[in-house]
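The structure appears below as structure tokens.
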Amino acid sequence: MANRIRILDEKVINRIAAGEVVERPVSVVKELLENAIDAQAVSIRIDIENGGKKLVRVQDNGIGMSHDDAFNALERHATSKLTSERDLVGIATMGFRGEALASIASVSRLKLITREESDPAGTVLVVEGGALRGSEQIGMGVGTIVEVRNLFFNVPVRRKFLKGNETEAGHIRELVTKFALAFPSVGFSYTEDGKVKMDAPPVSSTFERIYTLYSRDVRENLIEVRHETRAGTLHGYVGRPPYARSNLRSVLTFVNGRSVRDRVINSAVSRAFSNLMERGRYPLAILFVDLPPEEVDVNVHPQKAEVRFVRPQEVFDLLVDGVHTALTGAPFRPPPGPLEPILPRPPSTPVLRHMREDKPEQDPERSPSATASAALPGTGQPGSELGPPNQVPECSHPLSLAPQEGRYSALGIVGKLPGSFLVLHDDQDLIVMDHHAAHERLLFDDLLRSDRVGERFESQDLLIPRVFSYPPVEARALASHLDLLHAAGFRIEEFGDNDFAVKGVPSWLNDQDPEPLLNSLIEVMLDTGLRGDPARKREELLKTIACRAAMKESKAMQTEEIRALLCQLDRSGSPAVCPHGRPLTVRMPFSDIRKRMGRKS
Ligand code: ADP
Ligand code: MG
444 MANRIRILDE KVINRIAAGE VVERPVSVVK ELLENAIDAQ AVSIRIDIEN
494 GGKKLVRVQD NGIGMSHDDA FNALERHATS KLTSERDLVG IATMGFRGEA
544 LASIASVSRL KLITREESDP AGTVLVVEGG ALRGSEQIGM GVGTIVEVRN
594 LFFNVPVRRK FLKGNETEAG HIRELVTKFA LAFPSVGFSY TEDGKVKMDA
644 PPVSSTFERI YTLYSRDVRE NLIEVRHETR AGTLHGYVGR PPYARSNLRS
694 VLTFVNGRSV RDRVINSAVS RAFSNLMERG RYPLAILFVD LPPEEVDVNV
744 HPQKAEVRFV RPQEVFDLLV DGVHTALTGA PFRPPPGPLE PILPRPPSTP
794 VLRHMREDKP EQDPERSPSA TASAALPGTG QPGSELGPPN QVPECSHPLS
844 LAPQEGRYSA LGIVGKLPGS FLVLHDDQDL IVMDHHAAHE RLLFDDLLRS
894 DRVGERFESQ DLLIPRVFSY PPVEARALAS HLDLLHAAGF RIEEFGDNDF
944 AVKGVPSWLN DQDPEPLLNS LIEVMLDTGL RGDPARKREE LLKTIACRAA
994 MKESKAMQTE EIRALLCQLD RSGSPAVCPH GRPLTVRMPF SDIRKRMGRK
1044 S
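Each position in the sequence shown, counted from 1, maps to that position plus 443 in my numbering.
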């Protein structure tokens, strides 16, 4: 068969992002895996010893190479994947620079064993530090084995920079996992010092691959993501909040099948999770972005670990809306036009207003938000006893968002615990709910929606305006957010340089002193971590407001109010975390309780 590999001409060489491909053992594994994938292998075996320092061996059942091509493959800038400068636009293969094998061979003892179908025998080439030491013919099946021993044996300075075996092996494990996720139809087996670390047979979907690679705990917390815009398609899985990790390594992203780390993608994922997760925590995400090849430049990084998007904003929107829709049932940005309120309430009456509307008839002892719940339709008359468990109340309003998995309203109500906890149950679990967190989530979603459509919350005039003075920096921050405060129900006027007259306060404040809230809000306004992202800052302010407005104590809560809250949660379709990322419920399986009681069944 005709040889495929050609040496690139000078012009193309000068245009490919030059640089050292081989930095550590994992770089070797990466290049060899890319070659195996490009060779259409459906089964790949990876063996390493001593973190890859002593040995990296990758064996594939791909198309292999002819006798001559085996020699060509070891030349610098020899490739079968690119012929002209034009091919650099819209690269469809993993490799394209033709320098990996040559670079690896120059810093190791490399053995290339390969056979393509039309050759009767395979070719073995032995190279040491770039110099050919021998070649022979052997009988073998079609495919390729590349064995790389004693990496950097001839470059002691580079060898010194390598980390311990476990660290180097850890990088390789992570890489092999990424390849296994990106190519589910390819079987991967992987050993470290003879011990099998991964054995993933070929499967037909990413989900089946995830099923093999991840623990049950992870699998059960994944939500599927599927989204398509004019920019491209997105599919994959994200961890259900509050399932969070402390570093970005849990966010695995692939662009056109290539594992990349990318700031646009990472910030879109963080953005989609911004009101569902504590700051500084990261979701588990396995996301595949597929774009037309000409929309991505993969030729910007020596190890091809970064890419450049022609239209980064469109990629950002694809990600943020796709992930947000998967999590909440709605895109991140509201569609144009008025929004459907998700809380059951008379048209255009934000839920927070109920607090004051009903206040005059209320017992002064009762907490403000309990009143809010009581005023919601579909809750019946407030009662004083806790009702029988499993009594399912009617949730009479149509669902406007994707309903929550497992209906809250079907839960049995057991009672209240001191603080803000409710005790509930279903057939299998005892469930403790933090109703402050639940309320906060509902209020925040409502505030956010109102903010986006420009709705204002009701305010209560103060008989005597309160005057607050702030140092200049605080005063400026406050002055620049007066519109948000007005929308939330404050009436504040600036007078003089640093003074503000508070003439009205939100009804939901329920006669509480506005000063501590204003102070907390100013703190958020001054948070430098949010500099340059006004939308995020606005959301942080709304979170602070929601936290203040949500009721803290469950003492005064009536059963009907608890039911109303559960109904609201069903309708909201909101994720089961408060806006800061804390879970709304904790479950204790009855089976665990039985076990701890020493019961056999
Ligand atoms: P690149 O992948 O950028 O082309 P490499 O140096 O990695 O450069 O490989 C050079 C060439 O060797 C490839 O273009 C391909 O033709 C051939 N080759 C390398 N590895 C394999 C393999 N596992 N199976 C078949 N052909 C391979
Ligand atoms: Mg390659």
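Note that CB positions come from ideal geometry on N, CA and C, so glycine has one too.
#### Entry: DSSP beta-bridge partners of K554
V569, E590
inquiry  = Taking 9 Å as the threshold (C-beta atoms), are F911 and V945 in contact?
reply    = yes
What does the Cβ neighbour count give for I785, buried or exposed, with the cut at 16 atoms within 10 Å?
For I785, the predicted structure reports a pLDDT of 35, less than 50, and the residue's modelled location is therefore unreliable. The matter cannot be settled from this model.
_Is it buried or exposed, F622, if we count other Cβ atoms within 10 angstroms and call 16 or more buried?_
buried
Classify R884 as helix, strand or coil using the three-state DSSP reduction. helix
- In the structure shown, what three-state DSSP assignment does S1034 receive? helix
When the Cα atoms are used, what is the spatial distance from Y851 to V758? 35 Å
Buried or exposed: Y686, going by 16 or more other Cβ atoms within 10 Å of its Cβ? buried
Next item on the list: Any chance you could list the beta strand (DSSP E) runs of at least 3 consecutive residues sitting entirely within the region 621-652, in chain order?
Entry: 630-635, 638-643
Jot down the residue ranges of each uninterrupted beta strand (DSSP E) in the region 900-977, minimum 3 residues, whole runs only, in chain order.
-> 902-912, 934-938, 942-949
Review point. Are H678 and L727 touching if we call contact CB-CB under 9 Å?
Key: no
| query | Quick one: is G494 buried, meaning 16 or more other Cβ sit within 10 Å of its Cβ, or exposed? | reply | buried
Original post:
How is E671 classed by DSSP in three states: helix, strand or coil?
Top reply: strand
Please confirm whether any heavy atom of the ligand ADP lies closer than 8 Å to the CB of S523.
yes
Look up D739 in the DSSP assignment and say whether it is helix, strand or coil.
A small fix is needed here, since residue 739 is Val in this sequence, not Asp. Residue state, collapsed to three classes: strand.
Close-in-space but distant-in-sequence residues of the same chain around T987 (CB under 6 Å, 5 per side omitted):
S963, L964, V967
How would you label M994, buried or exposed, when you count the other beta carbons within 10 angstroms and need 16 or more for buried? buried
Measuring alpha carbon to alpha carbon, tell me which of G772, V743, N478, E1003 ends up nearest L865.
-> E1003
In its own chain, which residues sit with a C-beta less than 7 Å from the C-beta of I547, not counting the 5 before and 5 after it? V465, V471, E474, L553, V591
Given the structure, does R447 come close to the ligand ADP, in the sense that its CB is under 8 Å from one of the ligand's heavy atoms?
yes
Report buried or exposed for R467, applying the criterion of at least 16 other Cβ atoms within 10 angstroms of its Cβ.
buried
Practice problem: Examine the Cβ distances between the region 488-503 and the region 564-584 and report whether three or more of them are shorter than 8 Å. | Solution: no
Mind checking whether the beta-carbon of D870 lies closer than 8 Å to any heavy atom of the ligand ADP? no
> Which word fits T971, buried or exposed, when buried means at least 16 other C-beta atoms lie within 10 angstroms of its C-beta?
Replying inline: exposed
- Message: Could you tell me which whole beta strand (DSSP E) segments of length 3 or greater appear in the region 666-720?
- Response: 675-682, 694-698
- request: Would you mind working out which of L960, I708, Q746, R751 sits nearest D764, comparing C-alpha positions?
  value: I708
In the structure shown, what three-state DSSP assignment does E757 receive? helix
Please say whether V739 and V698 have beta carbons closer to each other than 9 Å?
yes
- For my contact list, I506 and A482 are in at a C-beta cut-off of 8 Å; report their separation, rounded to the angstrom. 5 Å
ask   = Taking 8 Å as the cut-off, is the CB of M537 close to at least one heavy atom of the ligand MG?
value = yes
* To do: Could you say if the region 622-631 and the region 641-648 meet the contact criterion of at least three C-beta pairs nearer than 8 Å?
  => yes
| request: Alpha carbon to alpha carbon, how far is Q580 from V619? Give it in angstroms, no decimals. | output: 31 Å
Original post:
Taking 8 Å as the cut-off, is the CB of G544 close to at least one heavy atom of the ligand MG?
Top reply: Reading off the sequence shown, one finds Leu at residue 544, where the question assumed Gly. Flag set: Cβ of L544 near the ligand MG.
Discussion item. Just to confirm my understanding: we take A1019, look at its own chain, exclude 5 residues before and 5 after, and list those with CB closer than 6 Å. What are they?
Written reply: L1027
Just to confirm, is the Cβ distance from I874 to M1000 under 9 Å?
no
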